[in-house]
Structures are given as C-alpha cells and as structure tokens.
Ligand SMILES: Nc1ncnc2c1ncn2[C@@H]1O[C@H](COP(=O)(O)OP(=O)(O)O)[C@@H](O)[C@H]1O
Ligand SMILES: [Mg+2]
C-alpha cells in the first residue's frame with residue numbers, strides 16, 4: 086500500500102476553561118480530543134462520526150492547522166504540519182481545504198461568486214484569463230453556470246450555496262478536503278445531490294476526504310473507512326464492512342440503529358445482533374452502552390483500543 090497522505094498520531098486537544106462556578110473562580114480543563122490516531126490514504130474517504138460535542142470539529146481544525154494540538158503529531162506526506170519545519174500557509178492551502186456546514190461561514194455576502202473564487206487564486210499568483218477559465222470550469226464541475234458566477238450568495242438556495250462552498254474549497258486543487266457536516270444544514274431532499282456531487286468530484290480530482298457527520302447514514306455510501314468518536318475518544322474504527330456489517334461497540338450499533346431507512350436499519354441491526362461480540366479477550370469487557378454521559382471536565386477513563394481484526398479496532402474497558 087502507498088504511504089498515507091495524512092497521519093494523525095495520538096492527537097489530544099484540551100481547552101483550559103476559566104469561570105466562576107459555585108465553588109468560586111477557577112480553572113478547569115475541557116477534554117475535547119483524547120488520543121485520536123488514524124491515517125488517510127490517497128483517494129480514500131475516511132469518515133468521522135459521533136454526536137455533537139464529541140470532538141469531530143476540533144479534530145478537523147487540527148488537521149487544517151487551525152487548532153494547535155495539546156499533544157500529538159499530524160503529518161502531511163510524512164512532514165509535521167505544526168512546529169519547526171511546518172509548511173507555510175500557502176503550502177498548507179494546497180494540501181488541505183475545508184467545507185463547512187454553513188457555506189455562509191466562508192463566503193463574503195458582498196462578493197460575487199466569481200470574486201470569492203478569484204481571491205484564493207490571486208493569493209497564489211493566478212489572475213487574468215487563467216483565473217477566469219479556472220473559475221468557469223470549477224463552476225461547471227459543481228453544477229453551476231458561468232452566469233451564476235456573477236451573482237451574490239443570497240441569490241442562491243442552500244444547496245447551491247453549498248456547491249459554491251465546495252467550489253471555493255476546490256479552486257486551489259487541494260489534495261485533502263475536510264468536509265465538516267457538509268449536508269447537515271440542507272433539506273433532506275437536497276442531501277443526496279450534494280453527496281453524489283462530492284463523490285463525483287472525488288473521482289474527477291482524485292481527492293482524499295475526511296468526512297465528518299453526526300449521522301452515519303450520510304457517510305454510509307461514500308466512506309471507505311469509519312472512525313466512531315464518543316466523548317473525545319475513538320470507540321471503534323475500521324473498514325466500511327467492519328463498521329456497517331460487523332459493528333462491535335454498543336455505541337456504533339446505536340448509531341447504525343438510528344439510520345432512518347427502517348428496512349435497511351432492521352436488516353443491519355439483525356445482522357449486528359447475530360454477530361454480537363464473539364468473545365472479548367480475557368480480562369476485558371466491552372465498555373458501557375454510552376447512555377451515561379461522562380463529564381467533559383474529567384479525563385476520559387483510560388482504556389485500550391484493541392485490534393480485533395486487520396482493519397478493525399474497538400475500545401474495551403478492563404473488567
Ligand atoms: N475553542 C474552544 N474553547 C473551548 N471549548 C471548546 C472549543 N472548541 C470546542 N470546544 C469544546 O470541545 C468539545 C468538542 O467540540 P467539537 O469538536 O466542536 O465537537 P463536534 O464537532 O463533535 O460537535 C465540546 O465540548 C466543545 O464545547
Ligand atoms: Mg462540529
């Protein structure tokens with residue numbers, strides 16, 4: 086297998102929170118990301134799923150170099166993205182770009198679509214007819230017309246606006262695209278169109294995706310590998326088949342049961358229960374079903390992510 090394009094090694098992000106509680110003023114530590122490791126191969130789609138607040142966006146921002154890790158290393162093509170020898174901002178922009186849940190976050194309401202696509206190109210020394218051609222081609226790739234490039238963000242529907250957000254992320258031809266809940270704000274009827282577009286673009290440009298969603302159904306059809314997060318930690322990670330057809334952690338099974346298509350969910354759930362964890366290694370048991378919410382200000386319980394197959398890890402707790 087070729088060398089990974091992105092490697093995240095034991096990433097920890099903690100936020101010091103100062104505030105005035107009932108016990109008076111003091112500093113507390115919020116555990117946002119705890120010991121997350123994964124790698125991304127070129128052309129692959131790795132999905133990070135888990136409920137709101139589990140640390141997905143903090144992981145995404147760390148990959149983008151927008152959040153300094155408290156501990157751990159993130160390497161792009163083998164080179165650390167922070168610290169001495171880190172790539173410049175310009176180089177980073179060509180390495181990875183991000184698509185946000187709300188495209189308004191990355192679009193200036195007073196700029197036409199053409200102007201907002203021209204801006205990153207200009208920063209990278211591309212202007213004039215070359216820029217115009219690239220913008221027109223990019224608009225076509227995301228299903229918009231050159232004429233629409235002369236309009237302002239408020240003149241578009243939510244789905245079209247996300248197409249613009251995607252065009253803006255892709256205009257510099259990055260190698261990695263981090264998609265943070267790219268369809269969560271859209272009407273259910275529009276979601277499949279955007280997912281299909283993302284898949285087409287991935288193929289057309291040979292992109293590597295880190296796709297983030299709180300909803301497993303969104304990533305089901307495009308993930309090669311899945312990483313399930315629960316309160317700052319990975320609880321299960323593996324290839325598509327391992328996660329969807331052989332889920333071992335109770336929390337993963339809960340997410341699969343929450344997939345809206347009732348027939349499909351039923352079939353999967355049945356399959357999942359048939360295979361309920363064979364036999365955990367001696368001295369270990371599977372962690373709780375996740376119904377008790379840990380306190381984000383307490384360090385997560387130390388437990389081990391154990392290999393249970395060639396491309397399948399599950400977090401266990403000592404019995
Ligand atoms: N800049 C920040 N300062 C303090 N706490 C933060 C900051 N960013 C995120 N958090 C906290 O970190 C945890 C993880 O947040 P986040 O990564 O946004 O989760 P998700 O994207 O999975 O919903 C949450 O408890 C959130 O409130
Ligand atoms: Mg988030």
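Numbering (our numbering), first residue to last: 86 to 404. A virtual CB, placed ideally from N, CA and C, is assigned to each residue, including glycine.
Output the boundary residues of the alpha helix (DSSP H) element that contains residue i.
i: residue 303; result: 301-304
i: residue 218; result: 213-226
i: residue 198; result: 198-208
i: residue 245; result: 243-255
i: residue 195; result: Note, residue 195: premise wrong, no alpha helix (DSSP H); not H, not E.
i: residue 342; result: 335-342
Let's see if you can read the secondary structure: which residues bound the beta strand (DSSP E) around residue i?
i: residue 235; result: It is not in any beta strand (DSSP E) - residue 235 carries neither H nor E in the DSSP assignment.
i: residue 90; result: Unbroken run through residue 90: none, as it is neither H nor E.
i: residue 270; result: Segment: none, residue 270 is in no beta strand (DSSP E) and carries neither H nor E.
i: residue 262; result: 261-265
i: residue 393; result: 389-394
i: residue 409; result: It is not possible to answer for residue 409, since the shown part of the chain is limited to 86 through 404.
Beta carbon of residue i: closer than 6 Å to some heavy atom of ligand 1?
i: residue 137; result: yes
i: residue 231; result: no
i: residue 381; result: yes
i: residue 316; result: no
i: residue 123; result: no
i: residue 100; result: yes
For residue i, verify whether its CB is less than 6 Å away from any heavy atom of ligand 2.
i: residue 142; result: yes
Is residue i a contact residue of ligand 3, with contact defined as CB to any heavy atom under 6 Å?
i: residue 115; result: As far as ligands go, the structure on display features ligand 1 and ligand 2 and does not contain ligand 3.
Kindly indicate if chain C contains any beta-carbon less than 7 Å away from that of residue i.
i: residue 329; result: Judged by its chain identifiers, the structure shown contains no chain C, having just a single protein chain.
query = Counting pairs of Cβ atoms below 8 Å between the segment 229-246 and the segment 274-281, do you hit three or more?
reply = Per the Cβ contact rule, the segment 229-246 is in contact with the segment 274-281 (3 or more Cβ pairs under 8 Å).
request  = With a floor of 4 residues, list each alpha helix (DSSP H) that falls wholly inside the segment 285-325, ordered by position along the chain.
outcome  = 301-304
inquiry  = For the pair the segment 206-222 and the segment 261-277, tell me if three or more CB-CB distances fall below 8 Å.
reply    = no
ask   = With a cut-off of 8 Å, do at least 3 Cβ pairs link the segment 115-133 to the segment 382-397?
value = yes
key: Any beta strand (DSSP E) of 3 or more consecutive residues that is wholly inside the segment 121-171   = Runs of the beta strand (DSSP E) inside the segment 121-171: 130-134, 156-161.
message = Tell me whether the segment 163-178 and the segment 126-136 touch, counting them as touching only if at least three CB pairs, one residue from each stretch, are closer than 8 Å.
response = Verdict: no, contact absent.
ask   = Using 8 Å as the threshold, is the segment 155-170 in touch with the segment 87-101, meaning 3 or more CB pairs across them?
value = yes
message = I want to know whether the segment 211-230 touches the segment 310-330 - three or more CB-CB distances under 8 Å.
response = Segments in contact, no.
ask   = Three or more C-beta pairs closer than 8 Å, one from the segment 327-346 and one from the segment 294-302: is that the case here?
value = yes
query = If you pair each beta-carbon of the segment 246-255 with each one of the segment 220-233, do three or more pairs fall below 8 Å?
reply = yes
ask   = Between the segment 284-292 and the segment 160-170, do three or more beta carbon pairs fall short of 8 Å?
value = The segment 284-292, when compared against the segment 160-170, does not touch it at the 8 Å Cβ threshold.
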